[in-house]
Amino acid sequence: MELSMEQRCLLWLSSAEIPASRAASLIAAFGSAQTLWERYQTSDCPRIVPKSKQVLDDLYSDQKMSALIRQLDEKHVRLLFADDPSYPPLLREIKDPPYLLYYAGHLDCLKKPCVAIVGTRTPSDYGRHMAKSLAAGLCNAGVTVVSGLAKGIDYAAHTGALSVQGCTAGILGSGINHPYPSEHTPLLRQIAHSKGVVISEYPLDAAPMPFHFPHRNRIISGCCVGIIFVEGRIKSGGMHTVTAALDQGREVFAVPGQTGYIGAEGPLAIIREGARLVTSAEDILEDLALSPLMPAKAPPKQHPDLSDLQQRIIHALQIQPANIDELSVSLSVSPQDIMTEISIMEITGLIHREAGNNFSLSHQ
């Protein structure tokens, strides 16, 4: 790729993980990144932390920078500078917007309305189902789903979007060549090779450091008109993204969970503070005044071939998960008869067993 001298110098700063706020102050002091490069080895060079300075020293030659650019080309990773017309306008408005983003895939997906789906890395089956369902519904309406490529809710959101051939953007807290967790490398490639895009503020091989993720979260919310908190604790990465979204003036939505469950803690807390309660993609589209492109919601699935007791068990589990003894009491049927029907229903995939020998309906 062809870069101007100013862009090469911005890439030089980014390679040393100079944060956006520090880069802005350096550029303001010297007038441009190029001037900083030209004066780097003079007496008026600014103080820079040793780790970053080592990288700047190592890359301080035209040959080294050209080699770095070739490496990016070989990996099919492109660069997006803050003054590029393709830079997301909403992201440009936030405090300390990234001066350089690395990306693989299709930036066009960020031209659509974007909504983030965030939450815990250890979701319940309900939370996982809601993240997938919301993502699929939003994508069917022409919305791009944004998340962080982490385990749990993030993974469910991305896969929900991909399941309907929708657009999804994954924002990393590490370099594109070093995804976290590493087992999500196939997902990263699937996003980049479909209609989606994978984005990072960090150099190609940057490790996933803990302090990267709060900075990553401001980009997730910064690209979007709103975010959905599906599940998570009050003190969690999802809540950090909610805070960033509120600071940026974004709409905040929350999926209600069952009181007393760990995953419901964060969403219920922000609902009390005024976040909008949502249970479907239609709720979000209506609140954001986005025209739904999706077909009408299908009617609830019927099970005409089930026995009367199996129908009653399904009705009971639509209210809440339950164990054998609880179903026996609520349905006034012996535990042995409940166990027989439950075994059949579990084998056929109608229900599944949760922790504590509770049973719940499978989301099909």
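Heads up: the sequence shown runs through residues 21 to 384, numbered per my numbering.
Positions of the beta carbon are idealized from the N, C-alpha and C atoms, including for glycine.
Item: Glu271 (DSSP reduced to helix, strand or coil); Value: strand
Item: Sequence-distant residues of its chain with Cβ nearer than 7 Å to Pro341 (five each side left out); Value: Glu374, Asn378, Phe379 and Ser380
Item: Helix, strand or coil at Ser363 [DSSP, three-state]; Value: helix
Item: Whether Leu99 touches Leu121 by CB criterion (9 Å); Value: yes
Item: Straight-line gap, Asp192 to Asp345 (C-alpha atoms, nearest Å); Value: According to the sequence displayed, residue 192 carries Leu and not Asp. Looking at the two C-alpha atoms, the distance is approximately 45 Å.
Item: Residues bridged to Arg42 (per DSSP); Value: BP columns for Arg42 are empty, so no partner.
Item: Contacting residues, own chain, Cβ-Cβ under 6 Å from Pro315 (five flanking each side not counted); Value: Legend: pLDDT at Pro315 = 47, less than 50; position of this residue unreliable, value from coordinates given subsequently. For Pro315, where only same-chain residues beyond five positions count, there are no Cβ hits under 6 Å.
Item: Element boundaries [alpha helix (DSSP H), containing Ile426]; Value: Because the chain here runs from 21 to 384, residue 426 falls outside it and cannot be looked at.
Item: Met229 versus Gly195 - alpha carbon distance; Value: 10 Å
Item: Sub-9 Å separation of Cys187 and Lys132 beta-carbons; Value: yes
Item: Asp307 burial status per 10 Å Cβ neighbour count (16 or more: buried); Value: exposed
Item: Residue from Ser144, Tyr222 and Met150 with nearest C-alpha to Ile137; Value: Met150
Item: DSSP bridge partner residues for Ala226 (one or two, in chain order); Value: Partner(s): none; Ala226 has no beta bridge.
Item: Among Phe50, Met85, Ala44 and Ser34, nearest to Lys71 - alpha-carbon criterion; Value: Ser34
Item: Terminal residues of the alpha helix (DSSP H) in which Gly246 lies; Value: Note, Gly246: premise wrong, no alpha helix (DSSP H); beta strand (DSSP E) at Gly246 to Phe249.
Item: Host beta strand (DSSP E) of Gly190 (start-end); Value: Thr188 to Leu192
Item: Span of the beta strand (DSSP E) around Thr62; Value: Where Thr62 is concerned, there is no enclosing beta strand (DSSP E), given that its DSSP letter is neither H nor E.
Item: Close beta carbons around Arg332, own chain, < 6 Å, minus the five adjacent residues each side; Value: Leu351
Item: DSSP state of Val262 mapped onto helix, strand, coil; Value: helix
Item: Residues that Ala122 bridges to, as DSSP identifies them; Value: According to the sequence shown, residue 122 is Tyr rather than Ala. Answer is Leu99 and Ser220.
Item: Distance, Cys243 Cα to Phe249 Cα; Value: 16 Å
Item: Residue burial classification, Leu297 (beta-carbon count within 10 angstroms, cutoff 16); Value: exposed
Item: For Arg253, three-class secondary structure by DSSP; Value: coil
Item: Cβ-based neighbour list, Pro319, same chain, cut-off 6 Å, excluding 5 preceding and 5 following; Value: Residue placement at Pro319 cannot be trusted, given a pLDDT of 46 that sits under 50; what the coordinates show is reported in the next sentence. Answer for Pro319: no residue qualifies.
Item: Identity of the residues DSSP links to His372 by a beta bridge; Value: Ser380
Item: Meets three-Cβ-pair contact criterion under 8 Å: the segment 58–73 and the segment 153–161; Value: no
Item: One or two residues paired with Ser153 in a DSSP bridge; Value: Note: Ser153 sits in no beta bridge, so no partner.
Item: Contact with chain B by Ala289, beta-carbon distance below 9 Å; Value: Given the protein chain composition of this structure (a single chain), no chain B is represented.
Item: Residue range of the unbroken alpha helix (DSSP H) whose run includes Ala87; Value: Asp82 to Glu94
Item: Coil, strand or helix - Val349 by DSSP; Value: helix
Item: Secondary structure of Thr164, DSSP reduced to three states; Value: strand
Item: Burial state of Met21 (16 or more Cβ within 10 Å); Value: exposed
Item: Contact set for Cys4: own chain, Cβ-Cβ below 7 Å, skip 5 residues either direction; Value: The question about residue 4 has no answer, for the chain in this structure spans 21 to 384.
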